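Enquirer: Numbering (UniProt numbering), first residue to last: 1 to 258.
Rendered as structure tokens:
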């Protein structure tokens with residue numbers, strides 16, 4: 001399986017921390033696009049600023065453009081590699097990824113059973129691999145209905161609905177990368193966030209699952225390059241809890257229907 005690590009050239013320490021983990025020696029580093037010093041007028045030749053604003057009801061940041069272009073750059077690399085089969089998974093990670101114990105061993109089990117186009121093995125802005133917030137904000141089906149991997153604590157399931165999960169670590173088939181790249185043409189530039197799995201599942205018609213508990217989170221020793229720009233909003237726990245029962249029902253229904 002081909003593995004890619006997206007990292008800005010300047011982030012040497014982040015890469016050192018990433019490669020200090022087990023089973024990382026076979027990652028190919030993809031130099032992320034540093035768009036912070038580019039003018040928006042220049043970026044508009046590579047990214048549809050107007051359509052982004054129509055889609056998300058706000059203006060895009062330069063960092064978000066760089067993130068999307070970087071992931072698209074990896075997809076192009078996948079498509080250009082004739083040794084990768086159409087139904088073969090590639091692993092894409094960002095340089096702040098922190099892996100769980102026995103990550104590669106457990107990842108092999110996920111690949112062996114999953115048929116989805118994209119499998120989210122990690123999530124951004126989550127403090128722990130099995131954080132309480134995962135169940136409250138992003139529930140899946142009931143535990144006894146989940147099919148666990150053989151000799152593993154992990155399961156591959158659908159969430160109650162697709163959501164913005166970040167791009168810290170995920171599996172993507174070559175055929176799925178092709179479908180996303182197909183959205184770009186001379187007349188149509190990319191306009192989406194790199195982690196808009198709602199768009200990928202809905203408009204792009206990709207099948208997206210995730211792993212519970214998480215197999216990768218953002219390394220707590222680091223702060224995301226986008227964090228200062230995008231920020232993070234702490235939601236009231238009571239409000240989250242009130243929405244939970246409906247989300248759980250949707251998750252059960254979605255998983256039973258597949």
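Ideal Cβ positions, reconstructed from N, Cα and C, are used throughout, including at glycine. Remember, predicted model here, so these are calculated numbers, not experimental data.
Taking the continuous alpha helix (DSSP H) assigned at residue 56, which residues delimit it?
Expert: Note, residue 56: alpha helix (DSSP H), 49-56.
Enquirer: If we require 3 or more residues per run, which beta strand (DSSP E) segments fall completely within the segment 85-145?
Expert: Taking only runs of at least 3 residues, the beta strand (DSSP E) segments lying wholly in the segment 85-145 are 89-94, 97-99, 118-120.
Enquirer: Just curious, the alpha helix (DSSP H) that residue 175 is in, first and last residue?
Expert: Note, residue 175: alpha helix (DSSP H), 174-181.
Enquirer: In the segment 7-44, which residue ranges form an unbroken alpha helix (DSSP H) of at least 4 residues, counting only runs that do not cross its ends?
Expert: Those alpha helix (DSSP H) runs which fall completely within the segment 7-44 and span 4+ residues are 12-19, 40-43.
Enquirer: At which residues does the alpha helix (DSSP H) containing residue 72 begin and terminate?
Expert: Run containing residue 72: 62-80, per the alpha helix (DSSP H) assignment.
Enquirer: Excluding the 5 residues flanking residue 206 on each side, which residues of the same chain have their C-beta closer than 7 angstroms to its C-beta?
Expert: 117, 118, 176, 179, 200.
Enquirer: Evaluate contact between the segment 136-149 and the segment 60-75, counting only Cβ atoms and requiring at least three cross-stretch pairs below 8 angstroms.
Expert: At 8 angstroms Cβ cutoff, the stretches do not touch.
Enquirer: Examine the Cβ distances between the segment 96-104 and the segment 27-42 and report whether three or more of them are shorter than 8 angstroms.
Expert: As far as the Cβ criterion goes, the segment 96-104 does not touch the segment 27-42, which means the pair count is below three.
Enquirer: Count the CB pairs spanning the segment 207-214 and the segment 127-135 that are closer than 8 angstroms, and state whether there are at least three.
Expert: At 8 angstroms Cβ cutoff, the stretches touch.
Enquirer: Residue range of the beta strand (DSSP E) that residue 210 falls in?
Expert: That run of the beta strand (DSSP E) goes 208-212.
Enquirer: Between the C-alpha atoms of residue 281 and residue 54, what's the straight-line distance to the nearest angstrom?
Expert: Past the boundaries of the shown model lies residue 281; the chain is included only from 1 to 258, so the question cannot be answered.
Enquirer: Quick check on the DSSP output: the beta strand (DSSP E) that includes residue 217 runs from which residue to which?
Expert: From DSSP, the beta strand (DSSP E) with residue 217 extends over 216-218.
Enquirer: How would you call residue 231, buried or exposed, if buried means at least 16 neighbouring beta carbons within 10 angstroms?
Expert: Low confidence applies to residue 231: its pLDDT is 42, below 50, so where it sits in the model is not reliable, and the reading given next is rough at best. It counts as exposed.
Enquirer: Could you pull the start and end residues of the beta strand (DSSP E) that residue 168 belongs to?
Expert: It is not in any beta strand (DSSP E) - residue 168 carries neither H nor E in the DSSP assignment.
Enquirer: Just tell me which of 10, 46, 195 has its CA closest to the CA of residue 29.
Expert: Considering only alpha carbons, the answer is 10.
Enquirer: Residue 6: buried (16+ other C-beta within 10 angstroms of its C-beta) or exposed?
Expert: It is buried - the Cβ of residue 6 has at least 16 other Cβ atoms within 10 Å.
Enquirer: Locate the alpha helix (DSSP H) running through residue 154, then write down its first and last residues.
Expert: No alpha helix (DSSP H) holds residue 154; DSSP gives it neither H nor E.
Enquirer: Determine the burial state of residue 50: buried for a count of at least 16 other Cβ atoms within 10 Å of its Cβ, exposed for fewer.
Expert: Exposed, because fewer than 16 other Cβ atoms sit within 10 Å of the Cβ of residue 50.
Enquirer: Using CA atoms only, rank isn't needed, just tell me which of 181, 52, 187 is closest to residue 73.
Expert: For the residues 181, 52, 187, the minimum Cα distance to residue 73 belongs to 181.
Enquirer: Quick check on the burial criterion: 16 or more other C-beta atoms within 10 angstroms. Buried or exposed for residue 155?
Expert: By the neighbour-count rule (16 or more Cβ atoms within 10 Å), residue 155 is buried.
Enquirer: Determine the burial state of residue 312: buried for a count of at least 16 other Cβ atoms within 10 Å of its Cβ, exposed for fewer.
Expert: As displayed, the chain neither begins before 1 nor continues past 258, which places residue 312 out of reach and without an answer.
Enquirer: Buried or exposed for residue 19, going by 16 or more other Cβ atoms inside 10 Å?
Expert: Result: exposed.
Enquirer: Bridge partners of residue 4, per DSSP?
Expert: Per DSSP, 28, 92.
Enquirer: Rounded to the nearest angstrom, what separates residue 4 and residue 139 at their Cα positions?
Expert: Taking the straight line from one Cα to the other gives about 29 angstroms.
Enquirer: What residue range does the alpha helix (DSSP H) around residue 197 cover?
Expert: Unbroken alpha helix (DSSP H) run through residue 197: 197-202.
Enquirer: Measure the CB-CB distance between residue 322 and residue 47 and report whether it falls below 8 angstroms.
Expert: Here the chain comprises residues numbered 1 to 258, so residue 322 is not present and cannot be evaluated.
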